[in-house]
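Enquirer:
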Amino acid sequence: MSDKHYRLGSDQHQAWAKDYFFAPRGIGFREPGIVALDSDQLSAYNVAKSFYQSYPEVFNIEYIAAETGIEPEDIKSRITRMYNERIIMLVINPAVATYGWGLYYWVVKFKPDTPNHVKIKLSEWFQNKDDICTGYETVGDFDYFNGNHMRVLDNLLSDVIGHFKNMDEIEYVHLCPIRRDVRESNVNMWDAPQDSYRKFVWAEDQLEKLFAGQNKIDAIDFAIINAINNTKSVGDMFNYDVLANLSGLDAKMMKENLCEICDTRRIMVPMLFVNYMKLGLTKKMFLLRLFQNIPCYQKAQLVDSFANNPTYGDIWEFTDSFYDIMIATYEELSDVESLKNDLLTIAEIEEIQEASSSRQFRRWTARLDDQNGFWEECVFTDDFLQNRTVPNYNTDRRGKKWK
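Each residue of the sequence shown is one higher than the one before, starting from 975 at the first, in the working numbering.
#1: Pair every Cβ in the region 1163 to 1174 with every Cβ in the region 1010 to 1023, then say whether three or more of these pairs are closer than 8 Å.
#2: Can the beta-carbon of Trp1075 be found closer than 8 Å to that of Gly1002?
#3: Quick one: residues in its chain with C-beta nearer than 6 Å to the C-beta of Asp1363, no 5 flanking neighbours on either side, listed in chain order?
#4: Quick one: what's got a C-beta closer than 7 Å to Glu1325's C-beta in the same chain, skipping five residues either side?
#5: Quick check on Pro1086: buried or exposed, where buried means 16 or more other Cβ atoms within 10 Å of its Cβ?
#6: Helix, strand or coil: which one does DSSP assign to Asp1357?
#7: For Ala1040, count the other beta carbons within 10 Å of its own beta carbon; 16 or more makes it buried, fewer makes it exposed. Which is it?
#8: Of the residues Asn1203, Pro1068, Tyr1271, Pro1365, which one's Cα is nearest the Cα of Tyr994?
#9: Let me know the secondary structure DSSP gives Ile1198 once reduced to three states.
#10: By the 10 Å Cβ neighbour count, where 16 or more other Cβ atoms means buried, how is His1123 classified, buried or exposed?
#11: Alpha carbon to alpha carbon, how far is Ile1061 from Glu1351? Give it in angstroms, no decimals.
#12: I believe Pro1068 touches Met1242 by the beta-carbon criterion, under 8 Å. Please report the beta-carbon distance rounded to the nearest angstrom.
#13: Would the region 1159 to 1166 count as touching the region 1238 to 1254 if we require 3 or more Cβ pairs under 8 Å?
#14: Considering only C-alpha positions, which residue in the set Met1251, Phe1354, Ile1268 is nearest to Glu1305?
#15: Restricting to runs no shorter than 4 residues, where is the alpha helix (DSSP H) found entirely within the region 1041 to 1081?
#16: Measuring straight from C-alpha to C-alpha, what distance separates Gly1109 and Asn1200?
#17: Note down, in chain order, each residue of its chain lying with its Cβ closer than 7 Å to the Cβ of Asp1115, except the 5 sequence neighbours on either side.
#18: What separation, rounded to the nearest whole angstrom, lies between the Cα atoms of Trp990 and Pro1269?
#19: If I follow the unbroken alpha helix (DSSP H) through His1091, where does it start and stop?
#20: Going by the beta-carbon positions, is the gap between Trp1080 and Ile1135 smaller than 8 Å?
#21: Is it buried or exposed for Asp1309, if we count other Cβ within 10 angstroms and need 16 for buried?
#22: Could you give the DSSP three-state label for His1123: helix, strand or coil?
#23: Under three-state DSSP, which class holds Asp1298?
#24: Within the same chain, show all residues whose beta-carbon is closer than 6 Å to that of Tyr1037, passing over the 5 residues directly before and after it, in chain order.
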């Protein structure tokens, strides 16, 4: 931890925030010049997203081959196989706060001895509720960790949480608004410290266990994913000439626009999501509550220390919540007890809640339930100018009431 105290009125006054690209601040802060997801400025990603399932050439095969030493035809066949086996998915993470959305995760806990059929029913409702952009079913100290991008907090409370929070079986629902999105699915987001933005992060011992513990992907497959996710610039991620041939758009324009959006402004992170569920992996989640007298800058520095540990594949920092931080790793690839013991030695941590997750509902807004034919189905929702608290707005987007 730093020996600075950043006291108000001193020459250190809020100077800690200068360490970050997006200084940690409020929940949603709409900035001028934000790019809509369907804008022609984002055409490179949108074309790649539309074609990569059948045309692996949308990725920069020449770059991947140079980075890995793998033959181009082998690269293409492996990308196609991994997609067809639902191991990878091309997704994009927007820096939602800059768009004016709050990113509200929330934790749900059932009362003891709740029948399993109640959880099954609620899980299916969560899976089919398009407003929920990311979500995990868990077992342990809590039962769900789900998230919404919403502009209006009342809409979240009424149209999502209001449907189930008063169930007899619910013990609590805690909101965990995101203050910093540091790492998701092993990829560093815009709030990662120092120069680690967009790094694809895994510990070496985790990879050894991964390759030894399953037969879905090997080191060569992983090298391809790693090359795509770890490009220094998104200008190297795709083959823009191929994107131009597929779309009829200008290759130079598409490349310049995507580099401006992702590399310079850092408001989007395109990435290959690795479907850990297909690899037989289970997420181990640690929900951390800090002591009340811990200042915000010290919490940010603690999160930075977690970001320096490649064992953690997911790192979120919360604000205005009973809880402060969520970190996650993989049970099969990590020494979970050792990690927990390390957490217990951190003086700032007052409470640790832990749970295991073997089911993720969505990756951002793209569905992950391939077992019933909804793989990659994506419904992007926005509650802008909607009032979901009114009495006649009492159904979900599929017209089904929750009872």
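In this text, a Cβ means the ideal position worked out from N, Cα and C, and glycines have one as well.
Expert: Let me lay it out:
#1: For the pair of segments examined, the region 1163 to 1174 was found not to touch the region 1010 to 1023: the number of CB pairs separated by less than 8 Å stays below three.
#2: It is a contact, given that the beta carbons lie within the stated cut-off.
#3: Reading off the sequence shown, one finds Thr at residue 1363, where the question assumed Asp. Taken in chain order, the residues that qualify are Asp1128, Ser1132.
#4: Short of 7 Å from the beta carbon of Glu1325, and not among the five residues preceding or following it, lie these beta carbons of its own chain, in chain order: Arg1263.
#5: It counts as exposed.
#6: Under the three-state reduction of DSSP output, Asp1357 falls in the coil class, being neither helix nor strand.
#7: Answer is exposed; the Cβ neighbour count stays below 16.
#8: Of the listed residues, the one whose Cα sits closest to Tyr994 is Tyr1271.
#9: In this structure, Ile1198 counts as helix in the three-state DSSP scheme.
#10: Buried: at least 16 other Cβ atoms inside 10 Å.
#11: When the Cα atoms are used, Glu1351 and Ile1061 turn out to be separated by approximately 15 Å.
#12: About 6 Å separates the two Cβ atoms, so the contact holds.
#13: Contact holds: three or more Cβ-Cβ distances are below 8 Å.
#14: Comparing Cα-Cα distances from Glu1305 to each of Met1251, Phe1354, Ile1268, the minimum goes to Met1251.
#15: Taking 4 residues as the minimum length, the alpha helix (DSSP H) runs contained wholly in the region 1041 to 1081 are 1046 to 1058, in order along the chain.
#16: Computed Cα separation, rounded: 25 Å.
#17: Spatial neighbours of Asp1115 in its own chain (CB-CB distance under 7 Å, excluding positions within 5 residues in sequence) are listed in chain order as Gln1327, Glu1328, Ala1329.
#18: Taking the straight line from one Cα to the other gives about 12 Å.
#19: Per DSSP, His1091 is one residue of the alpha helix (DSSP H) stretching across 1090 to 1102.
#20: In contact: Trp1080 and Ile1135 (Cβ atoms closer than 8 Å).
#21: With fewer than 16 Cβ atoms within 10 Å of its Cβ, Asp1309 is classed as exposed.
#22: Residue state, collapsed to three classes: strand.
#23: In the structure shown, the three-state DSSP call for Asp1298 is coil.
#24: These residues qualify, in order along the chain: Asp1210.
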